[in-house]
Amino acid sequence: MKKALITGVTGQDGSYLAEFLLGKGYQVHGIKRRGSLFNTQRVDHIYEDPHVENQHFVLHYGDLTDSTNLIRIIQEVQPDEVYNLGAQSHVAVSFESPEYTADVDAMGTLRLLEAIRICGLEKKTRFYQASTSELYGLVQETPQKETTPFYPRSPYAVAKLYAYWITVNYREAYGMYACNGILFNHESPRRGETFVTRKITRGLANIAQGLEDCLYMGNMDALRDWGHAKDYVRMQWMMLQQDHPEDFVIATGTQYSVRQFIEWSAVELGITLRFEGVGVEEKAVVDSVSGDKAPAVKRGDVIVRVDPRYFRPAEVETLLGDPSQAKHKLGWEPEITTEAMCAEMVTEDLKVAQRHAFLKANGHHVSISVEN
Ligand code: NDP
Ligand code: GDR
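At the far end of the sequence shown sits residue 372, using full-length UniProt numbering, and the numbering has no gaps.
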């Protein structure tokens, strides 16, 4: 049985990748952090009681800031494949916590590569690094492909630039099978609540059910190439199954604005919106409501406003990927469109909002965190 080790297994991608690898017959080991609250919600459905024999899914406590811990886990697991998905992954937060972001995202990658080498596994263990379209930042060419020059625009992206190059360096210096997936934004119902797509689908679903009044947004002109995480984890695995390691751009090749994502989400809830005003004065007013998904919303309500606190000190205005290498060399193509993914996310967030609204209507206290 092949063994895979995933850092960041409790995150969006880690959970989908763990499911995918279990489906392929792997024994999957994941590193989870110790937190003061449970943080395994995304993988609870694949959890296995550690008392059973021949566990297929095993969780280890660990942290990318702790090299002794990484060495011990690698030594114990002897993985065939390591997927380094763990990261402080929020771009805006990286401006608030730049040093921590560098420690986890840049140094953490180095620690993991070194752990593989120290354990003498550099010729056995294949290594996948979760690189990012944020490396392109202030874009030098459109669409962005494997050869497009990088210009990172945040502490997160600068840390990921180090991680990208140290992965290339270990491949060249030690002959490791190590590669970078340069992934453009990918989302799902499991996306963290403070990334823009999930903030929109969750926020509008809550508004539709009367749990919140207004969604406060940053730069709605930002353009992104949004795919579905399920499609992207398949490609992460494919990249480790080749004869030779290579870096690939993973994207849909389509691009939409944040505003467009808001409009799609509203339509899914039976709401049509009219955007009025410019810059920080821009707002979205309800034009019409149909169906029964948004009982708390009426024509004329202002349900989206701009709040400059969500602007970033340096913004990445536009990203559009060219996935043709992945298509030609690996036969990979995304199966889920951005619009279909948006509909799926709204549907799932509406179910939760409806449950909360029901509880609230029946006198129960419901805590809706709106900290974004
Ligand atoms: P998430 O933020 O959902 O998950 C991040 C994971 O990293 C969580 O499991 C988190 O643990 C873990 N983590 C955070 N800090 C540490 C640490 N110090 N030590 C060990 N683990 C840690 O991210 P995604 O699943 O969306 O992304 C996966 C990877 O892909 C990340 O590296 C991200 O930067 C990168 N990426 C993501 C893209 C996207 O659009 N989703 C696009 C391109 C790259 P916990 O649950 O305890 O917080
Ligand atoms: P990003 O994703 O920074 O691209 O990083 P995010 O969803 O946070 O932002 C996308 C764009 O939307 C704009 N925006 C807002 N963003 C947030 N979070 N909240 C808002 O209120 C808001 N309003 C507008 C942003 O300014 C930005 O332009 C994600 C992460 O998953 C990274 O880890 C990953 O590497 C990249 O995608 C590819």
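The beta carbon of each residue, even a glycine, is placed where N, CA and C say it ideally should be.
- request: Measure from the alpha carbon of L85 to the alpha carbon of each residue in G11, L319 and R191, then state which is nearest.
  value: Position 85 of the sequence shown, counted from the first residue, corresponds to residue 85. Out of G11, L319 and R191, G11 has the C-alpha closest to the C-alpha of L85.
- prompt: Based on the DSSP output, what are the partners of I31 in its beta bridges?
  reply: Translated into positions along the sequence shown, residue 31 becomes position 31. According to the DSSP secondary-structure assignment, I31 is paired through a beta bridge with T7 and H60.
Cβ-Cβ separation, E315 to A222 (assumed contact under 8 Å), whole Å: For the purposes of this step, residue 222 is identified with residue 222 of the sequence shown, where counting begins at 1. For the purposes of this step, residue 315 is identified with residue 315 of the sequence shown, where counting begins at 1. Their Cβ separation, rounded to whole angstroms, is 7 Å, which keeps A222 and E315 in contact under 8 Å.
task: Could you tell me if G62 is buried or exposed, where buried requires 16 or more neighbouring beta carbons within 10 angstroms of its beta carbon?
output: Counted from its first residue, the sequence shown places residue 62 at position 62. Buried, since its Cβ has 16 or more Cβ neighbours within 10 Å.
- request: Just mark D158 as buried or exposed, buried being the case when its beta carbon has 16 or more other beta carbons within 10 Å.
  value: Counted from its first residue, the sequence shown places residue 158 at position 158. Before going further, note that residue 158 is Val rather than Asp in the sequence given. Classification for V158: buried.
- prompt: Less than 7 Å between the CB of N39 and some heavy atom of the ligand NDP, yes or no?
  reply: For the purposes of this step, residue 39 is taken as the residue at position 39 of the sequence shown. Checking every heavy atom of the ligand NDP against the Cβ of N39, one is found closer than 7 Å.
field: Simplified DSSP assignment, three categories, for L273
entry: For the purposes of this step, residue 273 is taken as the residue at position 273 of the sequence shown. Reduced to three states, the DSSP call for L273 is strand.
query: Which class does R305 belong to by DSSP, given the choice of helix, strand or coil?
result: The count along the sequence shown starts at 1 and reaches residue 305 at position 305. Note: R305 maps to strand in three-state DSSP.
task: Check whether the Cβ of K199 lies closer than 8 Å to any Cβ atom in chain D.
output: Here chain D cannot be found, since the structure has a single protein chain.
message: Run through the DSSP bridge pairs and tell me what E81 is partnered with.
response: On the sequence shown, residue 81 is found 81 positions in, with the first residue counted as 1. Its beta-bridge partners are A4 and R126.
message: Out of V233, L319 and C342, which one is the CA nearest neighbour of I262?
response: Against the sequence shown, residue 262 aligns to sequence position 262. It is C342.
- prompt: Within 7 Å: the Cβ of R312 and any heavy atom of the ligand NDP?
  reply: Residue mapping note: residue 312 aligns to position 312 of the sequence shown, counting from 1. No, the ligand NDP has no heavy atom inside 7 Å of this Cβ.
task: Say whether the region 274-281 touches the region 97-104, bearing in mind that this needs 3 or more beta-carbon pairs closer than 8 Å, one atom from each stretch.
output: no
message: Assuming A92 and R312 are in contact, meaning their beta carbons sit under 8 Å apart, how far apart are those beta carbons, in whole angstroms?
response: For the purposes of this step, residue 92 is identified with residue 92 of the sequence shown, where counting begins at 1. For the purposes of this step, residue 312 is identified with residue 312 of the sequence shown, where counting begins at 1. That pair is a contact at about 6 Å.
- prompt: Is N362 helix, strand or coil when you go by DSSP?
  reply: What you label residue 362 is simply residue 362 of the sequence shown in a count that begins at 1. Residue state, collapsed to three classes: coil.
query: Within 10 angstroms of its Cβ, does M176 collect 16 or more other Cβ (buried), or is it exposed?
result: Here residue 176 refers to the residue found at position 176 when the sequence shown is read from its first residue. M176 is buried by the Cβ-count criterion.
query: Does the region 137-146 touch the region 190-207, meaning 3 or more C-beta pairs lie closer than 8 Å?
result: no
field: Touching by the beta-carbon criterion (3+ pairs, under 8 Å), the region 102-122 and the region 63-79
entry: The region 102-122 makes contact with the region 63-79; the number of CB pairs closer than 8 Å reaches 3 or more.
query: Between Y174 and Y164, what straight-line distance do the alpha-carbon atoms span, to the nearest angstrom?
result: Counting from one through the sequence shown, the residue named residue 174 turns up at place 174. Counting from one through the sequence shown, the residue named residue 164 turns up at place 164. Distance between the alpha carbons of Y174 and Y164: 16 Å.
- prompt: When the distance is taken between beta carbons, is Y156 closer than 8 Å to Y136?
  reply: Position 136 of the sequence shown holds residue 136. Position 156 of the sequence shown holds residue 156. No.
message: Are the CB atoms of P79 and K24 within a distance shorter than 8 Å?
response: The sequence position of residue 24 within the sequence shown is 24, counting from 1. The sequence position of residue 79 within the sequence shown is 79, counting from 1. Taking 8 Å as the Cβ cut-off, K24 and P79 do not qualify as a contacting pair.
message: Quick check on DSSP: helix, strand or coil for M217?
response: Translated into positions along the sequence shown, residue 217 becomes position 217. Strand at M217.
message: Quick check: the region 228-240 against the region 184-193, are at least 3 beta-carbon pairs closer than 8 Å?
response: Enough Cβ pairs lie closer than 8 Å, so yes.
query: So is Q41 buried or exposed if we call it buried at 16+ other beta carbons inside 10 Å?
result: For this step, residue 41 is matched to residue 41 along the sequence shown. Label assigned to Q41: exposed.
query: What are the boundary residues of the alpha helix (DSSP H) that S288 is part of?
result: As a working note, residue 288 is residue 288 in the sequence shown. Run containing S288: none in the alpha helix (DSSP H); it sits in the beta strand (DSSP E), K283 to V289.
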